[in-house]
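Trainee: Numbering follows the numbering used here, in which position 18 of the sequence shown is assigned residue number 62; successive positions increment by one, without gaps.
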Amino acid sequence: MGERKKIAVFSMTPLFPDFAMGGGQVQLKKVALHLAELGHRLTILSTQREGSMEPFKWHDNVEIRPVLRFKQPYPEPYFTPIYHIANAMRYMGDAIADADIHYSHDGGLIFPLVYQSKPTVISLRSIIYPETMQAAFLFQGDEWILPSEHTRASYEAAVSPFAPEVSQRMHAVHNGFDWDVFRYQTPADIFDVIPAEIADHPLMLFPHRPDVNKGIYEVLEVARRLVFDMGWEDLRVLVPRWLDAESDQANRAYYDKLRLTINQAGLNETFLFHDWISEALIPEYYSLADVTMCIGHCVETFGNTPFESLGCGTLPIVSRVATYRDLLPDEHINRVDYGDIDGAAAQAHSILSERRRASPATLRYLKSEFSLETMVNRFADLILNAVKKPPLRYRLPQLNDETRYKLAPWCYITQGGGIYHDFRVDCQQNDALIRLVNDNPDGFPGAAAEPAQLQAWLDEGYIAPLIEA
Numbered sequence: 045m046g047e048r049k050k051i052a053v054f055s056m057t058p059l060f061p062d063f064a065m066g067g068g069q070v071q072l073k074k075v076a077l078h079l080a081e082l083g084h085r086l087t088i089l090s091t092q093r094e095g096s097m098e099p100f101k102w103h104d105n106v107e108i109r110p111v112l113r114f115k116q117p118y119p120e121p122y123f124t125p126i127y128h129i130a131n132a133m134r135y136m137g138d139a140i141a142d143a144d145i146h147y148s149h150d151g152g153l154i155f156p157l158v159y160q161s162k163p164t165v166i167s168l169r170s171i172i173y174p175e176t177m178q179a180a181f182l183f184q185g186d187e188w189i190l191p192s193e194h195t196r197a198s199y200e201a202a203v204s205p206f207a208p209e210v211s212q213r214m215h216a217v218h219n220g221f222d223w224d225v226f227r228y229q230t231p232a233d234i235f236d237v238i239p240a241e242i243a244d245h246p247l248m249l250f251p252h253r254p255d256v257n258k259g260i261y262e263v264l265e266v267a268r269r270l271v272f273d274m275g276w277e278d279l280r281v282l283v284p285r286w287l288d289a290e291s292d293q294a295n296r297a298y299y300d301k302l303r304l305t306i307n308q309a310g311l312n313e314t315f316l317f318h319d320w321i322s323e324a325l326i327p328e329y330y331s332l333a334d335v336t337m338c339i340g341h342c343v344e345t346f347g348n349t350p351f352e353s354l355g356c357g358t359l360p361i362v363s364r365v366a367t368y369r370d371l372l373p374d375e376h377i378n379r380v381d382y383g384d385i386d387g388a389a390a391q392a393h394s395i396l397s398e399r400r401r402a403s404p405a406t407l408r409y410l411k412s413e414f415s416l417e418t419m420v421n422r423f424a425d426l427i428l429n430a431v432k433k434p435p436l437r438y439r440l441p442q443l444n445d446e447t448r449y450k451l452a453p454w455c456y457i458t459q460g461g462g463i464y465h466d467f468r469v470d471c472q473q474n475d476a477l478i479r480l481v482n483d484n485p486d487g488f489p490g491a492a493a494e495p496a497q498l499q500a501w502l503d504e505g506y507i508a509p510l511i512e513a
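1. From which residue to which residue does the beta strand (DSSP E) around residue 317 run?
2. Which of helix, strand or coil does DSSP assign to residue 369?
3. Who are residue 188's beta bridge partners in DSSP?
4. Hey, how far is the Cα of residue 88 from the Cα of residue 176?
5. For residue 433, does the three-state DSSP call read helix, strand or coil?
6. Which residue or residues does DSSP assign as beta-bridge partners of residue 470?
7. My output table needs one value for residue 102: the three-state DSSP class, helix, strand or coil.
8. Is the closest heavy atom of the ligand ATP to the C-beta of residue 255 under 8 Å?
9. Would a C-beta distance cut-off of 9 Å place residue 337 and residue 266 closer than the cut-off?
10. Between the beta-carbon of residue 332 and the beta-carbon of residue 189, is there less than 9 Å?
11. Taking just the CA atoms, how far does residue 118 sit from residue 135?
12. Tell me the rounded alpha-carbon separation between residue 201 and residue 423.
13. In the DSSP assignment, the beta strand (DSSP E) including residue 322 goes from what residue to what residue?
14. Which two residues bound the contiguous beta strand (DSSP E) that contains residue 508?
15. What does residue 438 pair with, by DSSP beta-bridge criteria?
16. Taking 8 Å as the threshold, find out whether the region 165-180 comes into contact with the region 145-154 through three or more Cβ pairs.
17. Can you tell me whether residue 343 is buried or exposed? The criterion is at least 16 other CB atoms within 10 Å of its CB, across all chains shown.
18. For residue 79, which of 57, 368, 104, 97 has the nearest alpha-carbon?
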């Protein structure tokens, strides 16, 4: 089996015995259990919150210690008293000193001095949270795992001009799934959470946390068209209430505004809010539904929901944003441009009318390309074989007329001839830039554009410089 190692793990996000706050924590548990089964010992330090205040175990070799005091709930975890930050550095520093390897699952620990003495692997699970992006620019680890090629390319485009060698430490490792779990399961226990009679209705899922960028108002507009224009008066949209739905002021405001908008749309009978779903019931939840909606503008680093839904047979509709553009071939997923409500409603109407489910070919593709075994083996290889490397050299990039540029990874040219920007959440016509990009697939020289125009494209994030090491 080889040498058994002690691994100190950092998780800024709270962890729980039997449910997860998001897809990143689901993946962490999978990796942790795999390493534990190999005989390695993991100590995971996580942030305290209600329901996760005392130590617990996922496995005899995996202990979770909720000792960190970052601000809850998200966002702005560092908006906390200064001594909580100092204590987090001390707690993690002590755990790392007692370990052979450090693994930082979400990269939120932004202080390289805490991990500078031990081989360190960092996996950034977000590209929108400030603390994660800070960790990217302050990176001094030895291996860097990203959940998708879009995320890897995006961080490389932003960080490598300052530290070109960072590219050699980056690895795209797609999320993997246990397809024996995420398969069609006859709904039974799920009716302890939602009414059994709901199964008599055509069902649309919105299985996301309460972030507007996840697309709840877009789903509301799709539901309005289906109910009032397409004859689906008995449609029901299932929406899980977040853990802090009642206790956190921001979340209360989110749900109050949402319910008011639903009422004004005449859709009170259509939308059903229910308790958050445990990990054990998620496959039944997906299996129960007819269509799953992922049509927001959140810049996902992977996005588990469409994959889990497909595995259970339920077709998702996704917007062409970030990873949703290319992680699955077109024949296996239903896509719309962000904001195309009519297109999303038409696709939902078609799926509901034809009672379509995921095809055998799609299920085979998922099992082939997104297996749990492949993912955890790759994580284990990178974590267990990490060695301490020399510190990365950082420098300010020097841009001139010879510098070449490419379309930024967070942008794409739409079929309509515009450029959609994941972070600006808009589509702009820009014939000059599109022409340069199409004529120069390996990058165009800065001298090919007017200086003011080039600077504007840089400032707005439409292009990224290509810097040699």
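Don't be surprised by glycine CBs; every beta carbon is placed ideally from N, CA and C.
Mentor: Per the coordinate set shown:
1. Counting from 1 along the sequence shown, the entry for residue 317 is found at position 273. Start and end: 315-318.
2. Your numbering for residue 369 matches position 325 in the sequence shown. Here DSSP, grouped into helix, strand and coil, assigns residue 369 to helix.
3. Mapped onto the sequence shown, residue 188 falls at position 144. For residue 188, the beta-bridge partners assigned by DSSP are 166, 214.
4. As a position in the sequence shown, residue 88 is number 44, starting the count at 1. As a position in the sequence shown, residue 176 is number 132, starting the count at 1. Pairing residue 88 with residue 176, the inter-Cα distance amounts to about 18 Å.
5. Position 389 of the sequence shown, counting from 1, holds the residue named residue 433. Residue 433: coil per DSSP, three-state reduction.
6. In the sequence shown, counting from the first residue as 1, residue 470 sits at position 426. Among the bridge pairs identified by DSSP, residue 470 is matched with 465.
7. Your numbering for residue 102 matches position 58 in the sequence shown. Strand at residue 102.
8. By its list of ligands, the structure shown contains no ligand whatsoever, and the ligand ATP lies outside what it can speak to.
9. Indexing the sequence shown from 1 puts residue 337 at position 293. Indexing the sequence shown from 1 puts residue 266 at position 222. Note that the C-beta distance between residue 337 and residue 266 is below 9 Å.
10. Sequence index remark: in the sequence shown, residue 332 carries index 288 (1-based). Sequence index remark: in the sequence shown, residue 189 carries index 145 (1-based). Contact: no.
11. Within the sequence shown, residue 135 is the residue found at index 91, counting from 1. Within the sequence shown, residue 118 is the residue found at index 74, counting from 1. Straight through space, the alpha carbons of residue 118 and residue 135 are spaced by roughly 21 Å.
12. Taking the sequence shown and counting its residues from 1, one reaches residue 201 at position 157. Taking the sequence shown and counting its residues from 1, one reaches residue 423 at position 379. So the alpha carbons of these two residues sit roughly 23 Å apart.
13. The residue labelled residue 322 in the question sits at position 278 within the sequence shown. Counting along the chain, no beta strand (DSSP E) covers residue 322, and no H or E run does either.
14. Position 464 of the sequence shown holds residue 508. Residue 508 -> beta strand (DSSP E) spans 507-510.
15. Stepping through the sequence shown from its first residue, residue 438 is reached at position 394. DSSP output for residue 438 lists no bridge partner at all.
16. Pairwise C-beta distances place the region 165-180 in contact with the region 145-154, as three or more of them are shorter than 8 Å.
17. Taking the sequence shown and counting its residues from 1, one reaches residue 343 at position 299. Counting Cβ neighbours within 10 Å, residue 343 comes out buried, since at least 16 surround it.
18. As a working note, residue 79 is residue 35 in the sequence shown. Checking every option, the nearest Cα to that of residue 79 belongs to 104.
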